[in-house]
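See structure below.
4 protein chains.
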Amino acid sequence: MSESSLSVRRARARPEERRGRGGDKRERILDAAVRVLAKKGFHSTRVSEVAKAAGVADGTIYLYFKSKDELLVSLFEDRVERLLAFLEADLPRAGSASDKLRRIIELQLGLLEGERDLAEVLTVILRQSTKLMKKYAAPKFNAYLDSIARVVSDGQATGELRGDVSPHLVARAMFGALDGIAMTWALGKADRGGLSRASGQLAQIVLRGLAPLDAR
Amino acid sequence: MSESSLSVRRARARPEERRGRGGDKRERILDAAVRVLAKKGFHSTRVSEVAKAAGVADGTIYLYFKSKDELLVSLFEDRVERLLAFLEADLPRAGSASDKLRRIIELQLGLLEGERDLAEVLTVILRQSTKLMKKYAAPKFNAYLDSIARVVSDGQATGELRGDVSPHLVARAMFGALDGIAMTWALGKADRGGLSRASGQLAQIVLRGLAPLDAR
Amino acid sequence: MSESSLSVRRARARPEERRGRGGDKRERILDAAVRVLAKKGFHSTRVSEVAKAAGVADGTIYLYFKSKDELLVSLFEDRVERLLAFLEADLPRAGSASDKLRRIIELQLGLLEGERDLAEVLTVILRQSTKLMKKYAAPKFNAYLDSIARVVSDGQATGELRGDVSPHLVARAMFGALDGIAMTWALGKADRGGLSRASGQLAQIVLRGLAPLDAR
Amino acid sequence: MSESSLSVRRARARPEERRGRGGDKRERILDAAVRVLAKKGFHSTRVSEVAKAAGVADGTIYLYFKSKDELLVSLFEDRVERLLAFLEADLPRAGSASDKLRRIIELQLGLLEGERDLAEVLTVILRQSTKLMKKYAAPKFNAYLDSIARVVSDGQATGELRGDVSPHLVARAMFGALDGIAMTWALGKADRGGLSRASGQLAQIVLRGLAPLDAR
DNA sequence: AATGAATGAGTATTCATTCAT
DNA sequence: CATGAATGAATACTCATTCAT
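Residue numbers (the working numbering), protein chains in the order written: chain R, 1 to 216; chain U, 217 to 432; chain B, 433 to 648; chain C, 649 to 864.
The structure is reproduced here in structure tokens:
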């Protein structure tokens, strides 16, 4: 899988928004929003700042998004949703449960590499909007956690993974671990390649930890 | 571990602030703040709501705290700091590195059991105050992560833990996993005993995952 | 001297601020501010009252002025500064020192005739803003006093005025006398023509008082 | 006239307030008020600051004065009223109208020499309280102005002063001149002896200016 | 579609005053 | 008399949103 295929920034706008200048204006606003949000946080980000960063008038924002909250929701839907969909779509290609878990780890961390602003928005800023967390993020997170949990329970069924742990617990812990790593990376030095290295080590620990007991 | 010994809510107020009627007023305000913050989030919480919940006048808040921000900072210092101090103080009692890691997991999750509001404040609300995150929380988190990392590297030195993983990575991942579990618990159903069960399973996975390679 | 040429209220707004509806809005706010300030005083004047009197929304005030203090400063700069500049510009036209002093008296009182609210703002309200008094007004007053003092010392040099009094003392006393007359007029009955009459009499007293000793 | 006889600060408290500690507490509060008002101005002066400067509790202020406004009114009545009464009482001693006017000038400026804080309160701070200006000060000022005007009109009746100027105008101008001199002195360098010198020069100018026309 | 001037609802904080001790 | 902790009314300013152009 080529890194570029994961690029969120380059993702195509919906066809109906491509006509005229309108199509890329929506994109320009979302791009600007990621930049400003990463720097200022949700509550300190002013609509007028996003407008200025996007090179449009304040009012123009409201031609594309119903409200400031809606802008963040759209950001979430346009960016994160596609990421999550991508992860799920990619999983079947992997064979064993171990391969799938390793893939999940690689993808979740790999996606953020090179998109530091986006990483910060997803791991930190997103949580600053209580509404978004409770109304939008939670269901998506749950769906994502469910798909991880399914990989685990499938692996348990085939005897590939230990059967004495709750698949959902594993999913939450894995997601939390990945999120924690991404967060410290986003807030910290964010060195090139840091996430890739982390990805490998975490996979080894997780897979060892989930190996069947008799594999000892 | 006795639950009561960990109770934050019952922690004694500083003696010098007990004089007159003022002493428990500070406590009442902090208690009210935890309740309101957990329900509304930082930015949606009105100072007047906290005052009402505490049964004091708006202005009284400002006799005990310099500002709304300062109130959250004080909450953090009065509650969280003591929690973290408690964790670090408890560690030396455990013998092996494995015991210590297990203890960390039990404590971090155990502390929140029965203090759902506090758990939500710590895992969710805290991150809504950019100022708090950057000026106060970050250093504390780092100190805490460092103490976990030290346990790991000590264990690696004695050969008790596998040596091919970065202690800091392990610390971040562990903290993230614990935080993720606590967050879904705080935002979700939060069933009695859920965290205790989770605690045991997570410990098993982590310790298996960190066992020396030749232990296979 | 034609009255209209001195009218402050009719002074043209800066061309670049005339575009759209904004141009006269700034003027409307300043006009409203003079009216409300004269009636209420600086500290009892609410920004919302000025807004209402100007027929604009509260927030609109802040599109034109940075703060309530800044509004008073702008009032000062837009009105008083121009007045003082006018006085100084007019002086050279007069020939002798006596003519100049008479002119100063006529102008300072004549300017306020018909602008009672403005007179009150200048003689009373202005002094209610400590900041304005110390940071803005004081230097302007000093400059004005200096220009009066210069007229006196020039007159002394040519032997036209008595040489045994301090030019600066004369300036302060003259300004004080004019200010006192204007203040009692503004706070009192403020009868039509009162200031003009006062102007003539004061000039006679001052000029007699400053005549060279040997003129006796 | 000895300077000390004019000292406002040393003026005896009313007999009924002399008992116990109460009597000097009222004085201490008024003294503190003068000091704080001179430094901060009326609206920036906090009741608690006056209390602290007086060495009493906030609530104690209200045992002696009904309100903050009332405190300033009392200050005015205790200090200024007595000053004005003193001036009026002193006038009859002087013989001619010229002597009386000279006396007024000497007294009004002399009183403030050495009492800079009080001078600032009287010339600047007093005007910051619109209520005080309109409800209390105005009548007193008028009474004072009237007594000056009477001196002038008496002098005109005896032919000692020129008869072609309005006595009230002269009073206003004289008061304004004195006030202007005091104000620049209070706000400026306030050099020792400055007011005495000013006093002499101003008297010469005023008396020359008011001399009968045929005296030329 | 795009603009950006105008709007006005919403809130943290101050401080004169009270009153239980 | 004295205290000072507690009160709560009062207000400048911000910023998401609208709409005439």
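We put the beta carbon where it would ideally sit given N, CA and C, even for glycine.
Bear in mind that the values here come from a model prediction, so they are computed numbers and not experimental data.
Pull up the CB-CB distance for residue i and residue j, whole angstroms please, since I reckon it's below 8 Å.
i: Q128 of chain R; j: R343 of chain U; result: 7 Å
i: V73 of chain R; j: I61 of chain R; result: Rounded, the Cβ-Cβ distance is 14 Å, inconsistent with contact.
i: L642 of chain B; j: I853 of chain C; result: 6 Å
i: P599 of chain B; j: V584 of chain B; result: 4 Å
i: D522 of chain B; j: R514 of chain B; result: With a Cβ gap of about 12 Å, D522 of chain B and R514 of chain B do not count as contacting.
i: K457 of chain B; j: V479 of chain B; result: Not confirmed; about 15 Å, so no contact.
i: T832 of chain C; j: R604 of chain B; result: 5 Å
i: L639 of chain B; j: S528 of chain B; result: Between S528 of chain B and L639 of chain B the Cβ distance is about 10 Å, and since that is not below 8 Å, they are no contact.
i: G326 of chain U; j: S412 of chain U; result: 7 Å
i: F474 of chain B; j: G828 of chain C; result: Going by Cβ atoms, the distance from F474 of chain B to G828 of chain C rounds to 21 Å, so no, they are not a contact pair.
i: A609 of chain B; j: A825 of chain C; result: 4 Å
i: A785 of chain C; j: F724 of chain C; result: 7 Å
Kindly say whether residue i, judged by its beta-carbon, lies nearer than 8 Å to any beta-carbon of chain C.
i: S579 of chain B; result: no
i: R511 of chain B; result: no
i: R604 of chain B; result: yes
i: V505 of chain B; result: no
i: A590 of chain B; result: One point to set straight first is that residue 590 of chain B is Thr, not Ala, in the sequence displayed. Judged by the 8 Å Cβ criterion, T590 of chain B is not in contact with chain C.
i: E448 of chain B; result: The pLDDT assigned to E448 of chain B is 37, lower than 50, so where the model puts this residue is not dependable, and the model offers no usable value.
Would you mind telling me which residues of chain U sit closer than 9 Å to residue i, beta carbon to beta carbon, in chain order?
i: Q108 of chain R; result: What Q108 of chain R touches in chain U: nothing, since even the nearest Cβ is about 12 Å away.
Could you name the residues of the same chain whose beta carbon sits closer than 6 Å to that of residue i, not counting the 5 residues immediately before and after it, in chain order?
i: L112 of chain R; result: A119, A182
i: V386 of chain U; result: V368
i: A851 of chain C; result: R750, I753
i: R244 of chain U; result: A270
i: G22 of chain R; result: In this prediction, G22 of chain R scores a pLDDT of 47, lower than 50, which makes its location untrustworthy; the coordinate-derived value is nonetheless stated afterwards. The answer is none, since no qualifying residue turns up.
Which chain C residues sit within Cβ distance under 7 Å of residue i?
i: S598 of chain B; result: Q849
With a threshold of 8 Å on Cβ separation, who are the neighbours of residue i within its own chain once the five nearest residues in sequence on each side are excluded?
i: G595 of chain B; result: Q588, P644
i: G375 of chain U; result: P428
i: L577 of chain B; result: H600, A603, R604, F607
i: D706 of chain C; result: V695, S696, A699
i: L732 of chain C; result: K788, A791, Y792
Mind checking if residue i is an interface residue toward chain B, Cβ cutoff 8 Å exclusive?
i: I853 of chain C; result: yes
i: A825 of chain C; result: yes
So residue i contacts chain U; which residues on that side make the cut at Cβ distance below 8 Å?
i: V152 of chain R; result: Under the 8 Å cutoff, chain U gives no residues; its nearest Cβ is about 11 Å from V152 of chain R.
i: L118 of chain R; result: Within 8 Å Cβ-Cβ: nothing; L118 of chain R doesn't reach chain U, min ~17 Å.
With 8 Å set as the bound, which would you pick, yes or no: does the beta-carbon of residue i sit closer than that to a beta-carbon of chain U?
i: G209 of chain R; result: yes
i: R127 of chain R; result: yes
i: T45 of chain R; result: no
i: I105 of chain R; result: no
In chain order, what residues of the same chain have a beta carbon less than 7 Å from the beta carbon of residue i, not counting five sequence neighbours either side?
i: T45 of chain R; result: V36, L37
i: A248 of chain U; result: V266, A269, A270
i: V121 of chain R; result: V34, L37, A38
i: G632 of chain B; result: none
i: D370 of chain U; result: A313
i: K100 of chain R; result: L91, A94, V151
Run through chain C and tell me which residues come within less than 8 Å of residue i, C-beta to C-beta.
i: V468 of chain B; result: Under the 8 Å cutoff, chain C gives no residues; its nearest Cβ is about 13 Å from V468 of chain B.
i: A570 of chain B; result: L835
How would you list, in chain order, the residues of chain B whose beta-carbon sits under 7 Å from the beta-carbon of residue i?
i: A846 of chain C; result: L601
i: T832 of chain C; result: R604
Please list the partners that residue i has in chain R, where partner means a Cβ-to-Cβ separation under 9 Å.
i: I397 of chain U; result: L169, R172, A173, G176
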